[in-house]
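First up is the structure itself, then whatever we jot down about it.
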Amino acid sequence: MKTLREYIKEAGEKGIAIGHFNISNLEALHGIYNAAKKLNLPVIIGVSEGEEKFAGLEEVYAVVSEIRTRDNYPIFLNADHHASFESVKKCIDVGFDMVIIDAAKLPFDENVAVTKQCVDYAREVTAKTGRDILVEAELGYIGSGSIIRDVVPEGAGILTTPEDAKKFVDATSIDLFAPSVGSIHGLIKTGKPHINAELVTEIKKVTGIPLVLHGGSGLRDEDFTNAIKAGISIVHINSEIRLAFREAVEKFLKENSSEITPAKILQPAVDAIEAVVEARLKLFSGMQ
Ligand code: G3H
Ligand code: ZN
Numbered sequence: 088m089k090t091l092r093e094y095i096k097e098a099g100e101k102g103i104a105i106g107h108f109n110i111s112n113l114e115a116l117h118g119i120y121n122a123a124k125k126l127n128l129p130v131i132i133g134v135s136e137g138e139e140k141f142a143g144l145e146e147v148y149a150v151v152s153e154i155r156t157r158d159n160y161p162i163f164l165n166a167d168h169h170a171s172f173e174s175v176k177k178c179i180d181v182g183f184d185m186v187i188i189d190a191a192k193l194p195f196d197e198n199v200a201v202t203k204q205c206v207d208y209a210r211e212v213t214a215k216t217g218r219d220i221l222v223e224a225e226l227g228y229i230g231s232g233s234i235i236r237d238v239v240p241e242g243a244g245i246l247t248t249p250e251d252a253k254k255f256v257d258a259t260s261i262d263l264f265a266p267s268v269g270s271i272h273g274l275i276k277t278g279k280p281h282i283n284a285e286l287v288t289e290i291k292k293v294t295g296i297p298l299v300l301h302g303g304s305g306l307r308d309e310d311f312t313n314a315i316k317a318g319i320s321i322v323h324i325n326s327e328i329r330l331a332f333r334e335a336v337e338k339f340l341k342e343n344s345s346e347i348t349p350a351k352i353l354q355p356a357v358d359a360i361e362a363v364v365e366a367r368l369k370l371f372s373g374m375q
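Taking my numbering, the leading residue of the sequence shown gets 88, the next gets one more, and so forth.
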């Protein structure tokens, strides 16, 4: 099987993106995996610090790595938005394929310092074990929390400049870069801002490494396709999965108020997540 680095490189060459989807339970994992397998596409499973606390760090790793080995399938695991070196290290030590150090709230130099610490540690483990661990970091405001918001939060318009992006990537030697190019986390009732695809092109040109788009939920199809064409190699989706889960369970319980069997209550949630992920993966991989 190719490594995640190789799949990302290949996606960049083909002008497509790999889907990254967050989970905090087995139902979401099944829905995502069913969709990826149906389309025969590589997929990245993400867990934030909160999601992994709920699901169990070792448990998530055990299930994802078991699926990968059992089915010989390119399903990878990412520590999404981890705020400290210690929490990143824990995920690397458990066996994650990829980590995101989220220090974008810190001043530039502090962001560089903690990011560099994570990169150095990942390289050290890679050298010792042969596992190719990828490190992603962020610069600029991409919001926080996969939640439903009434309006676009303040700060969303402050985008990463190509100059800062280059300085940051050169100083940290990260493998993947998440700039602020227009989108922010969550679903927004008044609609999401557009992606600045020209900025993506410029940042890609000066950094020369694969770029990651966060805050994918609720973006317009053309924003995704323009961003991917401009140099985005991974797209993150979380809120749409959470919403699909909640709506499916709510609908089922409304129609079956006496049902108490978890498998029956939760199967519609698995199916709804599968449908969301299938549509997104088709778009990201140029199938539609
Ligand atoms: O890291 C997670 C994503 O960036 C999720 O963003 O909730 O807008 O899909 P989203
Ligand atoms: Zn994100």
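Cβ atoms here follow ideal geometry from the backbone N, Cα and C, with glycine treated the same way.
Fair warning: this is a prediction, and the values are worked out from it, not measured in the lab.
{"Check": "Sequence-distant residues of its chain with Cβ nearer than 6 Å to Glu361 (five each side left out)", "Outcome": "Gly118, Asn121, Ala122"}
{"Check": "Ile275 beta carbon less than 9 Å from that of Val35", "Outcome": "As displayed, the chain neither begins before 88 nor continues past 375, which places residue 35 out of reach and without an answer."}
{"Check": "His168 versus Phe108, Ile315, Ala258, residue with shortest Cα-Cα distance", "Outcome": "Phe108"}
{"Check": "Distance, Ser344 Cα to Ala191 Cα", "Outcome": "45 Å"}
{"Check": "For Gly118, the three-state DSSP class (helix, strand or coil)", "Outcome": "helix"}
{"Check": "Neighbour-count burial assignment, Asn165, 16 or more Cβ in a 10 Å radius", "Outcome": "buried"}
{"Check": "Validate contact between the segment 128-144 and the segment 173-191 using beta carbons, cut 8 Å, 3 pairs", "Outcome": "yes"}
{"Check": "Bounding residues of the alpha helix (DSSP H) (the contiguous stretch that carries Ser152)", "Outcome": "144-158"}
{"Check": "Burial state of Ala149, where buried means 16 or more other Cβ atoms lie within 10 Å", "Outcome": "exposed"}
{"Check": "Proximity test, Glu136 beta-carbon vs ligand 1 heavy atom, cut-off 8 Å", "Outcome": "no"}
{"Check": "Complete beta strand (DSSP E) runs within the segment 273-361 (minimum length 3 residues, chain order)", "Outcome": "298-300, 319-324"}
{"Check": "Buried versus exposed, by CB contacts within 10 Å (16 or more), Asp262", "Outcome": "buried"}
{"Check": "Short Cβ contact (9 Å threshold) for Phe33 with Val175", "Outcome": "Nothing about residue 33 can be read from this structure; the chain reaches only from 88 to 375."}
{"Check": "Heavy atom of ligand 1 within 8 Å of Glu376 beta-carbon", "Outcome": "Lying outside 88 to 375, the shown extent of the chain, residue 376 is not represented and no answer is given."}
{"Check": "Asp310 classed as buried or exposed, judged by whether at least 16 other C-beta atoms fall within 10 angstroms", "Outcome": "buried"}
{"Check": "Alpha carbon of Ile229 to alpha carbon of Glu223, nearest angstrom", "Outcome": "14 Å"}
{"Check": "Best match in Lys369, Ser372, Val357 for proximity to Ile110 [C-alpha to C-alpha]", "Outcome": "Val357"}
{"Check": "The alpha helix (DSSP H) enclosing Asp251, as first and last residue numbers", "Outcome": "249-259"}
{"Check": "Heavy atom of ligand 1 within 8 Å of Leu274 beta-carbon", "Outcome": "yes"}
{"Check": "Sub-9 Å separation of Gly106 and Phe371 beta-carbons", "Outcome": "yes"}
{"Check": "At least 3 beta-carbon pairs within less than 8 Å: the segment 88-108 vs the segment 312-322", "Outcome": "yes"}
{"Check": "8 Å contact criterion, which Tyr208 and Ile179 should meet: CB distance rounded", "Outcome": "6 Å"}
{"Check": "Pocket of ligand 2 (residues with CB nearer than 5 Å to any heavy atom), chain order", "Outcome": "His301, His323"}
{"Check": "Whether Gly102 touches Ile296 by CB criterion (9 Å)", "Outcome": "no"}
{"Check": "Arg236 (DSSP reduced to helix, strand or coil)", "Outcome": "strand"}
{"Check": "Residues that Ile188 bridges to, as DSSP identifies them", "Outcome": "His169, Ala224"}
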